[in-house]
Amino acid sequence: MDFVKVKNNEHLVKNTKSNFIINTNKSEYDEYIARRKLKKSEKNKVDSLERDLSTLRDEITEIKDMLRSLVNGN
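Going by my numbering, the sequence shown runs without a break in its numbering and finishes at 77.
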């Protein structure tokens, strides 16, 4: 593969065959991966909380229905 340095940036190179820009700075890449993992983890926590909240809503609705049945003598 042939690489050409990107003007005004020492950590970026361009692959001349695919035209992809590649960051050659390992620490920047590691930081990017850590940010991506953190974001995914946060999204998973939010999704889990939303599922828990939905379950609680369903259970409260069920309890209310049972209480209504008891009050109405059914």
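Cβ atoms here follow ideal geometry from the backbone N, Cα and C, with glycine treated the same way.
Residue(s) in a DSSP beta bridge with residue i
i	result
V16	K8 and I25
Coil, strand or helix - residue i by DSSP
i	result
N47	helix
N77	coil
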